[in-house]
Every structure is written in C-alpha cells, then in structure tokens.
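In what follows, a structure is listed as structure tokens, so that the remarks can point back to it.
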Amino acid sequence: MPIPMADRMHRLPKQFFANLVARIEAKVRAGHDVINLGQGNPDLPTPPHIVEALRAAVLDPRTHRYSPFTGLPALKEAVAAFYEREYGVQVDPTQEVAILFGGKAGLVELSEVFLNPGDAALVPDPGYPDYWSGIALAGAEMIPYRLEAGRGFLPDLARVPEADWQRAKLIFVNYPNNPTGAVADLSFYEELAAYARRHGVWVVHDFAYAAIAFDGFRPPSFLQVSGAKELGVEIYTLSKTYNMAGWRVAFAVGHPDIIAGINLIQDHYYVSLFPAVQLAACAALLGPQDCVRELAAVYQARRDAFVGALAAHGLACPPQPGSFFTWMPVPPGFSSSAMFADFLLDHADVGVAPGIGFGRGGEGYVRVGLLAPEARLVEAAERIAKAVQSRR
Ligand SMILES: Cc1ncc(COP(=O)(O)O)c(C=O)c1O
C-alpha cells in the first residue's frame, strides 16, 4: 500500500545539492582523491575547553533529565552576557532569547509560526536555501531580492519594488553572507531598519558567520541599530564560531513576540536541548575567545592561499571579506555554473557548489568552501587551473 506524504511536503524545494553530493561520494568510492569544497561543514574540532565542559556536564546526572521547555535559564543569561560583551546590546534573557536546535531549525520554524498561506517573504538571491523550506511549508510565497556584485553583494533596497515591500511580511538577511562571502556594515542595517519600519516588514537577520570576517573587519549585529529589537530577530549559531556544527545549538535574539512564537512551536516539537549541550554552550559563550580569533585567522590564510594560487595561474577570484566561502566567477568558456562544477568534478576531482543552487542570482559563480587545510586548497586551485587551461 503506497503511503503518500501530505501536500505540504511536496511544496518543499528540491535539495539541489543532493545530486552533487551523490556524485562526489560515487567518485570517492571509485577511488578518486576528490577535494570536496562543495559543502559548508567546518573541518576543525571544537575547542578543548568546550569539549571538557560537555564531559563534565554529562557526568552530572542532573543533565540527564528533561531540560526546562524553553531551555536552561543559565544559557539564556549567557546569551545576554555574550550580546552585551560582543555588541554592546542589552537583551532580556527571559523575554528576548530563544534556544534553538541549530540555526537551520529556527529559520524554518520562524516561517512556520509567522507566515500564513498567501503571505510573502523577501529572500536574498543568491541565498541560503533553508529560508525557502520554511516558506514552502507555510504555503507562503518567496520574493527574491538581488544581491548585486557591483555593490559588494549587498542589495539595493531602493530597487526592491514598492509592491514587494508592501506585500512582504518579513525579510531574510544574511551577513557575513553565504554563499557570496560578502559583509555588511552598520549603515546597511540602518538603511534596512528604515525600510522595514516604513513598510511594516520585520527582519530576520541570519548571523551564522558573525565571527568570520577578514582584514580587520568586525561584522556588526543588526541589533546594534537603535530600536532593532522592535523590528525583528537575529539568529546566531555556535556551529561556525566555535566549530560546533554537530552539536546543534543556536539561539534567536530580539522581538519578544517572535521569541514567544518560536518557544510556542518548540513546546510542541521538543523539550529543548540536552542540558549538557546547553551547559557546554555556556562555556563557549562565556569562556576564552582567542579560539574564535584564531579560527578567523585560519580562514583568512586559507582564503589568501586559495585565491593567490588561482591568481598565479591567471584565474580571477576576488578575495571576499567574510564567511568561509569563496565566490569564484565561472571562467569564460563555460556556459553555466552547473556545467563548470560538473567539469571540475570530472576533470579536476574538485567538488564545488554551482551558484545556481542558491537562486538565479547565483548564476555565473561557484561557491568554494575554505574547509580543508591550506596545502589541500592550493592543490585544489592548481587542479582547477590546470583543468581550465587544458580546455582552452
Ligand atoms: C547562512 C546560514 N545560516 C544558517 C546556517 C545554519 O547553521 P546551523 O543549523 O548549523 O546552526 C548555515 C549553515 O550552514 C548557514 O550557512
């Protein structure tokens, strides 16, 4: 007897990259030495003091019980202390913080909780595909807005049609940006806040790469804009800042109504995170932060090595200021980002993500994850250059 899924499941966007991942895995199984830079999975370990905090917490039987439904007060207080220390932003831990099972879950939940069928949400193009998933589950509509190469992959908010501002209920924004590696400064968020306020659109700022920016730039928080907490939320994950992608811990900070909505749906889905993970997250947020600065320096050195090796072979790839992605223009002679990505896998044993997988605005680029040791990235750049040259 076939068992069909509910209609809403059929609305989910296709997992564009599943095919690429399968092809890479098949090549590896066939014995190829593939350098896989196609995904966004941090390759370095969680700093030891955080692992130790987890070990100690697991040994305490009190962590074996259910967590309070909305998470441990200690973690919400740690989040508030973290925002005050890092951004000078004051947050009420009881009303303005929600604990999440990773940013991805929070981003999907937001749309489920706040969008009705027929509502619309503005999403960056190119952008992180998980924004699309929640919008689809809610039966709402996506309105892509362009990140413009000529503006450092920031959108021109004035060029988003007035009708789209009128129609949209919320806007997803993400800097430092996946996939382009762009960053935004406070003046951008001020302009965004003004548009949001004027149109009654609320803001979801996905701050997943908050700690990863280069050449001395320190990404500001959207919440540093005066009155921003009235306008939306920021989603912060520990996945990238502390190499904790497998631990599944993140949080939302901002408007109390949004926090209440997230907490409400989570009451129905889960009983918050394993308390030991929450205690380890406190250690991450409140403990020494040199590991974070060192991590950003590692990614900067990798970026420079990769881009430098491409340039040495005549391939243009401007160094991007943030995130652990390099956004490489498809060289002349290749008709699409998908064709170039396939070509690199077939002829260079290098996996990259075609820009089209992030939306139409991603065409013309491939995303390269700087998630391998420097020597491996240089080797990838050399293999790419050799394959491209052999085709000319
Ligand atoms: C832009 C962006 N937002 C959010 C996430 C979610 O991260 P996590 O679910 O690990 O917190 C990612 C992860 O790759 C990301 O790239």
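Plus 732 on top of the position in the sequence shown (first one is 1) and you've got our numbering. Cβ coordinates follow ideal geometry from the N, Cα and C atoms, glycine included.
Residues bridged to residue i [DSSP beta-bridge criterion]
i       : result
Ala1085 : Arg1099
Tyr927  : Answer by DSSP bridge pairing: none, since Tyr927 is not bridged.
Phe1057 : Gly1101
Tyr968  : Phe983
Val935  : Ile903 and Gly964
Leu886  : Glu880
Ala830  : Ala984
Ile767  : Val1082
Ala945  : Gly1054
Sequence-distant residues of the same chain with beta carbon closer than 6 Å to residue i, five excluded per side
i       : result
Gly772  : Gly1101
Ala1119 : His1079 and Ala1080
Arg743  : Ala868
Ala806  : Cys1014
Arg761  : none
Gly1089 : Phe748 and Phe749
Asp851  : Ala872 and Lys901
Nearest-angstrom Cβ-Cβ length linking residue i and residue j, presumed shorter than 8 Å
i       : j       : result
Gly834  : Pro951  : About 20 Å separates the two Cβ atoms, so there is no contact after all.
Pro736  : Ser865  : Wrong, their Cβ atoms sit about 20 Å apart, outside the cutoff.
Val811  : Phe983  : 5 Å
Leu1011 : Ala785  : 6 Å
Gly959  : Gly986  : Not quite, the Cβ-Cβ distance comes to about 11 Å (not below 8 Å), so this is no contact.
Ile967  : Tyr1031 : Contact flag wrong, Cβ pair sits at about 21 Å.
Run of the alpha helix (DSSP H) containing residue i, from where it starts to where it stops
i       : result
Val845  : Gly834 to Phe846
Ala758  : Phe748 to Arg761
Tyr877  : Careful: Tyr877 lies outside any alpha helix (DSSP H), inside the beta strand (DSSP E) at Glu873 to Arg878.
Asp989  : Pro988 to Tyr1001
Ile782  : Pro780 to Val790
Phe1038 : Asp1022 to Ala1044
Glu818  : Pro805 to Tyr819
Leu687  : The structure shown has nothing for residue 687, since the chain only spans 733 to 1124.
Asp824  : Asp824 -> no alpha helix (DSSP H), and no H or E assigned at all.
Asp739  : Asp739 to Arg743
Pro1007 : Pro1007 to Leu1018
Ile735  : No alpha helix (DSSP H) contains Ile735, which DSSP labels as neither H nor E.
Gln956  : Counting along the chain, Gln956 falls outside any alpha helix (DSSP H), and DSSP gives it neither H nor E.
Val1120 : Glu1106 to Arg1123
For residue j and residue i, the rounded distance between their alpha carbons
i       : j       : result
Ala1016 : Cys1023 : 10 Å
Phe904  : Ala992  : 19 Å
Ser971  : Glu894  : 36 Å
Pro1061 : Leu804  : 45 Å
Pro858  : Arg797  : 42 Å
Ile767  : Pro777  : 19 Å
Val1098 : Ala1112 : 14 Å
Glu962  : Asp824  : 13 Å
Val790  : Gly838  : 25 Å
Ser1109 : Arg1034 : Reading off the sequence shown, one finds Leu at residue 1109, where the question assumed Ser. The straight-line gap from Cα to Cα measures roughly 7 Å.
Asn751  : Gly1046 : 30 Å
Ala940  : Asp862  : 13 Å
Cys860  : Ala788  : Residue 860 is actually Tyr in this sequence, not Cys. So the two alpha carbons sit approximately 35 Å from each other.
Ala916  : Ala1107 : 30 Å
Tyr877  : Glu1095 : 14 Å
Phe748  : Arg755  : 12 Å
Ala853  : Asp896  : 9 Å
Ile997  : His781  : 33 Å
Gly1019 : Ser1067 : 49 Å
Tyr907  : Thr969  : 13 Å
Chain-order list of residues whose beta-carbon lies under 7 Å from that of residue i (same chain, five-residue window excluded)
i       : result
Leu889  : Glu923, Leu924 and Tyr927
Phe885  : Leu879, Asn909, Thr912 and Ala914
Gln898  : His931
Trp1059 : Pro911, Thr912, Gly913, Gln1052, Tyr1097 and Arg1099
Pro988  : Gln827 and Glu828
Close beta carbons around residue i, own chain, < 8 Å, minus the five adjacent residues each side
i      : result
Pro774 : Ser971, Lys972, Asn975, Ala977, Phe1056 and Leu1103
Val753 : Gly770 and Gln771
Gln956 : Tyr819, Gly820, Val821, Leu918 and Tyr921
Range covered by the beta strand (DSSP E) that runs through residue i
i      : result
Phe904 : Ala900 to Asn906
Leu854 : Ala852 to Asp857
Check: residue i C-beta below 6 Å from any heavy atom of ligand 2
i      : result
Ala984 : The model on display carries ligand 1 but not ligand 2.
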